[in-house]
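Colleague:
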Amino acid sequence: MLGKGVLSRRDCVKLMGGFAIAMGTGSLLAGCSSGTSDSGEGASQSDETPKTLRVAMMGSSTDTLDPATFSTLLPLAIALNVYDSLILLRNGVVENSLAESIEPNEDASAWTVTLKDGVKYHDGETVTAEDALYSLQYAGTSPMYSSFYANVDWEGSSVVDERTFTLQLLSPQATFWDEVVSAVTFVFPAGSAGDDFSGDIGSGPFKLVSFSPDTGAVLEKNADYWGGAPAIDTVEIVPITDPETRYTALTSGEVDFAHQISTTNAATLEGQSGFNVLNGGIENSSSFRFCLNASAAPFDDPEVREALKLIVDRQTMNDTIFRSAGVVGNDVLGQGMPGYNDSLEQRAYDFDTAKKVLEEKGVTELEITTAETTTGVNDSAEMLKAQLEKAGITVSVKEIDPTTLFSDMNNIYGAQIFATYLINRPYIASAVMYTGGSSPYNFSQWKDDEYDSLLAQATSAVDEADRAELLNQAQERLWAEGGDIVWGYCADLSGQVDGLDGIDITLSVPLFAKATLSA
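Per full-length UniProt numbering, the sequence shown starts with residue 1, numbered consecutively.
#1: If you drop the 5 nearest sequence neighbours on each side, which residues of the same chain put their C-beta closer than 7 Å to that of Gln173?
#2: How many Å lie between Pro230 and Glu220 at the Cα?
#3: Would you mind giving the Cβ-Cβ distance between Ile503 and Leu278, rounded to the nearest angstrom? I have them listed as a contact below 8 Å.
#4: I'd like the span of the beta strand (DSSP E) that includes Lys385, first residue to last.
#5: Pick out whichever of Ser439, Phe288 and Pro338 has its Cα sitting closest to the Cα of Glu372.
#6: Considering only residues of the segment 420–499, which uninterrupted alpha helix (DSSP H) runs meet the minimum length of 4 residues and lie entirely inside it, listed in chain order?
#7: Is the Cβ-Cβ distance between Gly59 and Gly216 less than 8 Å?
#8: Excluding sequence positions up to five away, which residues of its chain have a Cβ less than 6 Å from the Cβ of Ser37?
#9: Using 8 Å as the threshold, is the segment 97–107 in touch with the segment 79–86, meaning 3 or more CB pairs across them?
#10: Please state whether the Cβ-Cβ distance between Phe328 and Asn341 is less than 8 Å.
#11: In three-state DSSP terms, what is Gly35?
#12: From Glu306, Asp196, Leu169 and Thr72, pick the residue whose C-alpha is nearest to that of Val486; which is it?
#13: Just checking, does the segment 506–514 make contact with the segment 331–340 on the three C-beta pairs under 8 Å criterion?
#14: Can you list, in chain order, the stretches of the beta strand (DSSP E) that have 3 or more residues and sit fully within the segment 217–273?
#15: Please classify Gln416 as buried or exposed, where buried requires at least 16 neighbouring CB atoms within 10 angstroms.
#16: Helix, strand or coil for Glu399 per DSSP?
#17: Rounded to a whole number of angstroms, what is the C-alpha to C-alpha distance between Asn81 and Ala110?
#18: Quick one: grab the DSSP three-state call for Ile503.
#19: How far does the beta strand (DSSP E) with Phe165 in it extend, from its first residue to its last?
#20: If you drop the 5 nearest sequence neighbours on each side, which residues of the same chain put their C-beta closer than 8 Å to that of Leu405?
#21: Let me confirm a value: Glu155 is counted as buried when at least 16 other C-beta atoms fall within 10 Å, else exposed. Which label applies?
#22: Within 10 angstroms of the Cβ of Ser182, are there 16 or more other Cβ atoms? Answer buried if so, exposed if not.
#23: Residues in the same chain with beta-carbon distance under 7 Å from Val218, minus the five sequence neighbours each way, listed in chain order, please.
#24: Can you look up Ala150 in the DSSP assignment and give me helix, strand or coil?
#25: Does Asn284 come out as helix, strand or coil in the three-state DSSP assignment?
#26: Would the beta-carbon of Leu507 fall within 8 Å of that of Leu89?
#27: Does Glu48 pass the burial test, meaning 16 or more other C-beta atoms within 10 Å, or should it be called exposed?
#28: Can you look up Thr516 in the DSSP assignment and give me helix, strand or coil?
#29: Along the alpha helix (DSSP H) that carries Phe351, what are the first and last residues, could you check?
#30: Tell me whether the beta-carbon of Ala132 lies closer than 8 Å to the beta-carbon of Ala68.
#31: Three or more C-beta pairs under 8 Å: does that hold for the segment 430–448 against the segment 285–305?
#32: Within 10 Å of its beta-carbon, does Thr72 have 16 or more other beta-carbons around it, so buried, or fewer, so exposed?
#33: Could you give the C-beta distance for Thr263 and Arg314, rounded to a whole number, given that I count them as a contact under 8 Å?
#34: Nearest to His122 by CA position, among Leu115, Ile232 and Gly204, is which residue?
#35: Can you check DSSP and say which residues form a bridge with Asn276?
#36: In angstroms, rounded to a whole number, what distance separates the CA positions of Leu384 and Lys116?
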């Protein structure tokens, strides 16, 4: 919520773990491919043979199951399969899951959540509203996720009855749940979190059997799951850092599902018998962007920002880096998701106009800062360098080790141009976190009173039509004046064996509840 929980750069450093999850940092992005695999409801298994699904994902030797300290997608995948979430983002749409209903009061300054009736934990205990409120508060007051919950009045929030609780906000926020879906809403027993948090009790479709950051996790199906017992009996998740090694593990028969493989490997896999590619589509994609430092020359000049937006050959970058299977971006986050302003004019490539403006403005030297937080970021920096040099500008590229990128925030805030990416989210969730004047991760440092006012009005607008109109206006302003060049979107790609079907993706994380595996 704008104006609430404004963070200093020091605070921002503490919160970079949450940004790492938002980026997908530590899970090298696959790139794009045209291959697809159905991810709808899986069919029932045709035989009684126990089914074991072997999965390779990016993990870290420092991984824990404490949601306050997640640093890679592997523990998040465990959590999203072992716990139930109040809400989930599926195919770009926020859906109730454990929550039966979520209703605002008249001005959206409080939200009443009612849980599904009779949901049981793996140990047979009933999931309660006390558990749900406890879980949200634990995550929402941690450095990892506190910025998402900065507008919650925890002292004023309360349990109503066994299945119902109320979240009291510090100020009206009609978009609260749309924004929070970018964080976590899973539920675990009250009192179970803390230093010795084991993470072994949830109410989700799978039970946790074992976990080690070095060897991964073993999950077994919850036969009594309220949503229906999974068809897969056991899921074995192994941590493999390198995407090439994940691909090799798949093709050599060591695993059945390799999460997030490279563009090159995806293209190769499509031609191999016995394998196929799961393409997450734009709803499960990452937005690649250049953040222009609008707080200092030359990008404090909107005409120079516009010139940079015009000089980027988006189609060529998509064709080269995403192998012609990406989606050209249009400088506003959330493309392909609910709430995106599809009426925005696509910004065209106009080299001659851009070159003329840059010459008139005396722009002769620029520096691009980049870190290979995912495959393709450094390539995008090099391609932008070439496009700028064609216009007669001297360009240097400063490469930062991605493992140390966030240890010194001047790497980002001091950059003229910062090449990076984000997991695609609905516009409102992205806007409040990354584009507003007081947004914690506004790396372009662009500040605009009109834009901030539109965002603030939109987040508090209870009427859906009014809110949509305000958000459209905000996106128009961001498109025209903002400090980000969102040049392309690339779907998450994973490799899988033929016969594996029904894996859902949320927040770039695989869900196995509906998966089926045939011989």
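All C-beta atoms in this analysis are idealised placements derived from N, C-alpha and C, irrespective of residue type, glycine included.
Modeller: According to the structure shown:
#1: Start at 1 with the first residue of the sequence shown, and residue 173 comes out as number 173. Answer for Gln173: Met1, Ala108, Asn151, Thr459 and Ser460, listed in chain order.
#2: Mapped onto the sequence shown, residue 230 falls at position 230. Mapped onto the sequence shown, residue 220 falls at position 220. So the two alpha carbons sit approximately 9 Å from each other.
#3: Counting from one through the sequence shown, the residue named residue 503 turns up at place 503. Counting from one through the sequence shown, the residue named residue 278 turns up at place 278. That pair is a contact at about 6 Å.
#4: Taking the first residue of the sequence shown as position 1, residue 385 is located at position 385. From DSSP, Lys385 is part of no beta strand (DSSP E) but of the alpha helix (DSSP H) over Val377 to Lys390.
#5: For the purposes of this step, residue 372 is identified with residue 372 of the sequence shown, where counting begins at 1. Per the Cα distances, Phe288.
#6: 427–434, 449–460 and 464–481
#7: Sequence index remark: in the sequence shown, residue 59 carries index 59 (1-based). Sequence index remark: in the sequence shown, residue 216 carries index 216 (1-based). A contact, by the Cβ cut-off of 8 Å.
#8: One-based indexing of the sequence shown puts residue 37 at position 37. Confidence at Ser37 is low in this model, with a pLDDT of 38, below 50, so its placement is unreliable and the value that follows should be read with caution. The answer, listed in chain order, is Asn276 and Leu278.
#9: yes
#10: For the purposes of this step, residue 328 is taken as the residue at position 328 of the sequence shown. For the purposes of this step, residue 341 is taken as the residue at position 341 of the sequence shown. Per the sequence shown, residue 328 should be read as Val rather than Phe. Not in contact: Val328 and Asn341 (Cβ atoms no closer than 8 Å).
#11: If you number the sequence shown from 1, residue 35 lands on position 35. In this prediction, Gly35 has a pLDDT of 35, which is less than 50 and means its spatial position is unreliable; what the coordinates show is noted afterwards. The answer is coil: DSSP assigns Gly35 none of H, G, I, E or B.
#12: Along the sequence shown, one-based indexing puts residue 486 at 486. The shortest Cα separation from Val486 among Glu306, Asp196, Leu169 and Thr72 belongs to Glu306.
#13: no
#14: 234–239
#15: Looking up residue 416 in the sequence shown gives position 416. Looking at its Cβ environment, which holds 16 or more other Cβ atoms inside 10 Å, Gln416 is buried.
#16: Stepping through the sequence shown from its first residue, residue 399 is reached at position 399. Here Glu399 sits in strand by DSSP.
#17: Against the sequence shown, residue 81 aligns to sequence position 81. Against the sequence shown, residue 110 aligns to sequence position 110. Each residue's alpha carbon lies about 29 Å from the other.
#18: Locating residue 503 in the sequence shown gives position 503, where the first residue counts as 1. Here Ile503 sits in coil by DSSP.
#19: Sequence index remark: in the sequence shown, residue 165 carries index 165 (1-based). Phe165 -> beta strand (DSSP E) spans Thr164 to Leu169.
#20: Locating residue 405 in the sequence shown gives position 405, where the first residue counts as 1. Around Leu405: Ala371, Thr373, Asn411 and Ile412.
#21: Locating residue 155 in the sequence shown gives position 155, where the first residue counts as 1. That one is exposed.
#22: Position 182 of the sequence shown, counted from the first residue, corresponds to residue 182. Buried is the call here.
#23: Counting from 1 along the sequence shown, the entry for residue 218 is found at position 218. Excluding sequence neighbours, Val218 sits near Val209, Ser210, Thr234 and Glu236.
#24: Translated into positions along the sequence shown, residue 150 becomes position 150. DSSP places Ala150 in coil when its eight states are reduced to three.
#25: Translated into the one-based positions of the sequence shown, residue 284 becomes position 284. Three-state DSSP puts Asn284 in a helix.
#26: Taking the first residue of the sequence shown as position 1, residue 507 is located at position 507. Taking the first residue of the sequence shown as position 1, residue 89 is located at position 89. Closer than 8 Å, so yes.
#27: Translated into positions along the sequence shown, residue 48 becomes position 48. Flag for Glu48 reads exposed.
#28: What you label residue 516 is simply residue 516 of the sequence shown in a count that begins at 1. In the structure shown, Thr516 sits in a strand (DSSP, three-state: E or B).
#29: Within the sequence shown, numbered from 1, the residue matching residue 351 stands at position 351. Segment Phe351 to Glu360, the alpha helix (DSSP H) holding Phe351.
#30: In the sequence shown, residue 132 corresponds to position 132, counting from 1. In the sequence shown, residue 68 corresponds to position 68, counting from 1. Not closer than 8 Å, so no.
#31: yes
#32: In the sequence shown, counting from the first residue as 1, residue 72 sits at position 72. Thr72 is buried by the Cβ-count criterion.
#33: Numbered from 1 along the sequence shown, position 263 holds the residue referred to as residue 263. Numbered from 1 along the sequence shown, position 314 holds the residue referred to as residue 314. Contact flag wrong, Cβ pair sits at about 17 Å.
#34: Residue mapping note: residue 122 aligns to position 122 of the sequence shown, counting from 1. Minimum Cα distance to His122 is reached at Gly204.
#35: Here residue 276 refers to the residue found at position 276 of the sequence shown. Asn276 is bridged to Gln496.
#36: The residue labelled residue 384 in the question sits at position 384 within the sequence shown. The residue labelled residue 116 in the question sits at position 116 within the sequence shown. Roughly 51 Å separates the two Cα atoms.
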